[in-house]
Amino acid sequence: AQSVTQLDSQVPVFEEAPVELRCNYSSSVSVYLFWYVQYPNQGLQLLLKYLSGSTLVKGINGFEAEFNKSQTSFHLRKPSVHISDTAEYFCAVSGGTSYGKLTFGQGTILTVHP
Amino acid sequence: NAGVTQTPKFQVLKTGQSMTLQCAQDMNHNSMYWYRQDPGMGLRLIYYSASEGTTDKGEVPNGYNVSRLNKREFSLRLESAAPSQTSVYFCASLRGVTGSSGANVLTFGAGSRLTVL
Chain Z
380 AQSVTQLDSQ VPVFEEAPVE LRCNYSSSVS VYLFWYVQYP NQGLQLLLKY LSGSTLVKGI
440 NGFEAEFNKS QTSFHLRKPS VHISDTAEYF CAVSGGTSYG KLTFGQGTIL TVHP
Chain Y
137 NAGVTQTPKF QVLKTGQSMT LQCAQDMNHN SMYWYRQDPG MGLRLIYYSA SEGTTDKGEV
197 PNGYNVSRLN KREFSLRLES AAPSQTSVYF CASLRGVTGS SGANVLTFGA GSRLTVL
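What follows is the structure, encoded as structure tokens:
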């Protein structure tokens, strides 16, 4: 079994500032890791994923995340946020047997202020 | 290209009533999933269908049934709705074929918001 903890429920930030959304996971097997974004009243959209290989993963909209196996973390970063990045972000883990059976974190609401 | 389509988008039920949430995908995906989203809890897997003709329980299956009607459609049924089932329900699909582009990424529908009074 696996679990995911998003360490911040809400993150307020000013436009053009950098942001980091933190995600820790626990699992007894190798994992695949994902970040999804949900804009108001919409479904989830994939930002980026780590399956294997390079631990620094780049995604859409200028986001990137780094897989740290020793610290069991997969933090999401963006060097300069925009108002349009305001949304809820979910970290998710798959136990390695199915890409579709995901365990999600509780979500982090990112609010970008002008 | 519609992707994953869920109906209805909104529904209000009284305790004890039954209803079915419909989901259809037009991407020829093999696997389909039902998740529920509750505030502060992220998304939790209710049921899934790894391939046509199979269904399996996820993390929170109690009170729900599913049917994989064909490769395109995967429905979720509440036989006797309870207030604890008030939630936003998401259907998702996955190609699930090793080596295919995008095979390992879920595509989500827009969600169905259900309120049980």
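Quick note, the sequences are listed as chains Z and Y, same order. Numbered according to the working numbering, the first sequence terminates at residue 493, and the numbering increases by one at each position without gaps. Numbered according to the working numbering, the second sequence terminates at residue 253, and the numbering increases by one at each position without gaps. Think of the CB as a built atom: it goes at the ideal place given N, C-alpha and C, for glycine as much as any other residue.
Whole angstroms are fine: how far does the CA of residue j sit from the CA of residue i?
i, j, result
"residue 460(Z)", "residue 188(Y)", "42 Å"
"residue 470(Z)", "residue 183(Y)", "20 Å"
"residue 145(Y)", "residue 247(Y)", "6 Å"
"residue 463(Z)", "residue 426(Z)", "14 Å"
"residue 431(Z)", "residue 147(Y)", "41 Å"
"residue 261(Y)", "residue 153(Y)", "Shown here, chain Y extends from 137 to 253; a query on residue 261(Y) therefore has no answer."
"residue 236(Y)", "residue 163(Y)", "Confidence at residue 236(Y) is low in this model, with a pLDDT of 48, below 50, so its placement is unreliable and no value can be given for it."
"residue 252(Y)", "residue 224(Y)", "11 Å"
"residue 428(Z)", "residue 403(Z)", "15 Å"
"residue 242(Y)", "residue 151(Y)", "32 Å"
"residue 240(Y)", "residue 473(Z)", "11 Å"
"residue 143(Y)", "residue 202(Y)", "15 Å"
"residue 482(Z)", "residue 220(Y)", "20 Å"
"residue 435(Z)", "residue 409(Z)", "17 Å"
"residue 396(Z)", "residue 250(Y)", "37 Å"
"residue 433(Z)", "residue 451(Z)", "15 Å"
"residue 186(Y)", "residue 394(Z)", "42 Å"
"residue 206(Y)", "residue 213(Y)", "16 Å"
"residue 458(Z)", "residue 424(Z)", "20 Å"
"residue 420(Z)", "residue 138(Y)", "17 Å"
Can you give the beta carbon distance from residue i to residue j, rounded, assuming they're within the 8 Å contact cut?
i, j, result
"residue 448(Z)", "residue 181(Y)", "Their Cβ separation, rounded to whole angstroms, is 25 Å, which puts residue 448(Z) and residue 181(Y) out of contact at 8 Å."
"residue 204(Y)", "residue 191(Y)", "6 Å"
"residue 168(Y)", "residue 227(Y)", "7 Å"
"residue 194(Y)", "residue 485(Z)", "Their Cβ separation, rounded to whole angstroms, is 18 Å, which puts residue 194(Y) and residue 485(Z) out of contact at 8 Å."
I'd like to confirm something about residue i: is its beta-carbon nearer than 7 Å to some heavy atom of the ligand COA, or not?
i, result
"residue 385(Z)", "No copy of the ligand COA occurs in the structure displayed, which carries no ligand at all."
What span of residues does the beta strand (DSSP E) with residue i cover, start to end?
i, result
"residue 174(Y)", "167-174"
"residue 146(Y)", "146-149"
"residue 443(Z)", "443-447"
"residue 406(Z)", "402-406"
"residue 471(Z)", "466-473"
"residue 229(Y)", "223-230"
"residue 141(Y)", "140-143"
"residue 391(Z)", "389-393"
"residue 454(Z)", "452-457"
"residue 488(Z)", "487-492"
"residue 161(Y)", "155-161"
Measuring CB to CB, does residue i end up less than 8 Å from residue j?
i, j, result
"residue 405(Z)", "residue 381(Z)", "yes"
"residue 157(Y)", "residue 211(Y)", "yes"
"residue 245(Y)", "residue 422(Z)", "yes"
"residue 456(Z)", "residue 443(Z)", "yes"
"residue 231(Y)", "residue 160(Y)", "no"
"residue 172(Y)", "residue 196(Y)", "yes"
"residue 400(Z)", "residue 454(Z)", "yes"
Is the number of C-beta pairs between the stretch 428-448 of chain Z and the stretch 400-417 of chain Z that are closer than 8 Å three or more? Yes, the stretch 428-448 of chain Z is in contact with the stretch 400-417 of chain Z.
Three-pair Cβ contact test at 8 Å for the stretch 385-402 of chain Z versus the stretch 483-492 of chain Z: Contact between the stretch 385-402 of chain Z and the stretch 483-492 of chain Z is present, because at least three Cβ pairs lie under 8 Å.
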